[in-house]
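**Student:**
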Amino acid sequence: LQLTEKTSAEVGLRYEHTTSDLQSADGTQLIDRSYGDLFPSVYLSHQLRENVTVSTSYARRITRPTFNDMAPFIYFLSPTTFFTGSTALQPAISDALKADVSVGSDFASVEYAWVTDPIARFQSRVIPEANVQVSFPTNFDRQRSATGVVSAPVELLSWWTTQNTATVTWLSIE
567 LQLTEKTSAE VGLRYEHTTS DLQSADGTQL IDRSYGDLFP SVYLSHQLRE NVTVSTSYAR
627 RITRPTFNDM APFIYFLSPT TFFTGSTALQ PAISDALKAD VSVGSDFASV EYAWVTDPIA
687 RFQSRVIPEA NVQVSFPTNF DRQRSATGVV SAPVELLSWW TTQNTATVTW LSIE
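Each residue of the sequence shown is one higher than the last, beginning at 567 in this note's numbering.
Next comes the structure, spelled out in structure tokens:
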């Protein structure tokens, strides 16, 4: 959507509905879940000068647990180490704000994201009385992250140009 000669926008809204139904071989209901949510996205871009552009965006996303993450099957990794799924696992919902600036071939970006119920795979618990270790996926309460990226080309020789990128990330999982 062209708002002005130098400003454009993209807006999206999607609804997703998920039904998860998992039963054991004998018909016992293990997972019976149905949920839906709206996932908006907004992107704005403005050209300040001929080769200088700034943009900002917001997006909401979903990460669903995989079948193996939810299925309560036991995978034997060794006689004392197991992996299993978790029928209590919930989807993770993420929201992200991002701002970019590009000046010719140079680029900088900052992003802040927060996730509700992030999925953490391979969380281990030792059961001392059985002398076993069990790994399973679980949901944490929340995850927050901030990321900064700077990228610029460097011409080493007339025939050799490298693209150099530096990324810094801060991550907090609770």
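Positions of the beta carbon are idealized from the N, C-alpha and C atoms, including for glycine.
Comparing alpha-carbon positions, which option in Asn617, Ile739, Asn730 and Asp603 lies nearest Ala679?
**Tutor:** Checking every option, the nearest Cα to that of Ala679 belongs to Ile739.
**Student:** Quick check: Val676 and Ala662, are their CB atoms within less than 7 Å of each other?
**Tutor:** No, Cβ-Cβ distance for Val676 and Ala662 is not below 7 Å.
**Student:** Shorter than 6 Å, the distance from the beta carbon of Ser671 to the closest heavy atom of the ligand FAD, or not?
**Tutor:** With respect to the ligand FAD, the structure offers nothing, as it holds no ligand at all.
**Student:** Which word fits Ile640, buried or exposed, when buried means at least 16 other C-beta atoms lie within 10 angstroms of its C-beta?
**Tutor:** Ile640 should be labelled exposed.
**Student:** Given a cut-off of 7 Å on the beta-carbon distance, is the pair Val669 and Gln709 in contact?
**Tutor:** In this structure, Gln709 does not lie closer than 7 Å to Val669 by Cβ.
**Student:** CA-CA distance, Leu579 and Phe706?
**Tutor:** Using only the alpha carbons, I get a separation of about 27 Å.
**Student:** Which parts of the stretch 588-671 are runs of the beta strand (DSSP E), unbroken and 3 residues or longer, counting only runs that do not cross its ends?
**Tutor:** Complete beta strand (DSSP E) runs here, min 3: 595-615, 618-629, 640-644, 647-650 and 658-669.
**Student:** Inspect the beta-carbon positions of Pro638 and Thr653 and report whether they are closer than 7 Å.
**Tutor:** Yes, the Cβ-Cβ distance between Pro638 and Thr653 is below 7 Å.
**Student:** How would you call Gly651, buried or exposed, if buried means at least 16 neighbouring beta carbons within 10 angstroms?
**Tutor:** Gly651 comes out buried.
**Student:** I need the DSSP call for Ser701, collapsed to helix, strand or coil.
**Tutor:** Correct three-state label for Ser701: strand.
**Student:** How big is the Cα-Cα spacing for Gln589 and Leu596?
**Tutor:** The alpha-carbon atoms of Gln589 and Leu596 are separated by roughly 5 Å.
**Student:** Write down the C-beta distance between Pro657 and Ile693 rounded to the nearest angstrom, noting that I regard them as a contact closer than 8 Å.
**Tutor:** That pair is no contact at about 28 Å.
**Student:** Run the CB neighbour count on Leu567, radius 10 Å, all protein chains shown included, and call it buried at 16 or more, exposed below.
**Tutor:** With fewer than 16 other Cβ atoms within 10 Å, it is exposed.
**Student:** Would you check if the distance between the CB atom of Ala686 and the CB atom of Thr704 is smaller than 7 Å?
**Tutor:** Yes, these two residues count as a Cβ contact at 7 Å.
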